[in-house]
Each structure stands twice: as structure tokens, then as C-alpha cells.
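The structure appears below as C-alpha cells.
In the working numbering, the protein residues as written are 1229 to 1338.
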């Protein structure tokens, strides 16, 4: 795995420690106006509209449960950041633009 760290892409969308996640996750990860919990009790399969945050540690690994957050703490992979589904197009656009700029800086074409 690469030692390259991924900085939180959106300001204010990160947990700086495991304890902060314990204290704040419930309120911070449900505050988007379109938030809709993806947990549906004992039923299986997709049901209804889903809109939840996706969390990643600074090494780029998906963080989905308490064990993942603990691993991030033990391995020094905080901050853990999140992205909302409606932010994905903006982030992809930023990444594509930075790839083009990097290629141009290296003397490549579009």
C-alpha cells in the first residue's frame, strides 16, 4: 500500500480522532438535508431512497464500521473524512482537472 495520504476533500467533513467519531458521528453523518438511513432492520435487499455519507481514512480505505475506525486509529490513518453522494461529481471533476494539469506540466497533451 502507498504511504501517500489523502487529505479530506471538503472542509469540515472529517473526524480527527477515533474519540471525535464516537462523540460526533451520529449528528455529523446525518446532517445533510437529503440524508436517508440505509439500514432497514431485518429485511434484505434494496428498499427506498438511499442517501448516506461514505467515509474513508487518510490511506484511502473505506471505513464502514467501528472496527474500521479503530483500525484507522491504530494505524495512524486519521483524519477520516466523508463525502456525500451529491459531492461525488464535484470531486471527480477536481480529480480529472488535476490529472490534466499534471499531464500538461509533464509536457503531455490533453
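A virtual CB, placed ideally from N, CA and C, is assigned to each residue, including glycine.
Chain-order list of residues whose beta-carbon lies under 6 Å from that of residue i (same chain, five-residue window excluded)
i: residue 1242; result: 1236, 1307 and 1309
i: residue 1234; result: 1286 and 1288
According to DSSP, residues forming a beta bridge with residue i
i: residue 1384; result: Not covered by the structure: residue 1384. The range shown for the chain is 1229 to 1338.
i: residue 1290; result: 1284
i: residue 1264; result: 1279
Residue environment, residue i, which counts as buried when at least 16 other CB atoms sit within 10 Å
i: residue 1250; result: exposed
i: residue 1324; result: exposed
i: residue 1291; result: buried
i: residue 1319; result: exposed
i: residue 1238; result: exposed
Sequence-distant residues of the same chain with beta carbon closer than 7 Å to residue i, five excluded per side
i: residue 1315; result: 1238
i: residue 1263; result: 1279 and 1280
8 Å Cβ shell around residue i - same chain, five flanking residues per side excluded
i: residue 1253; result: 1243
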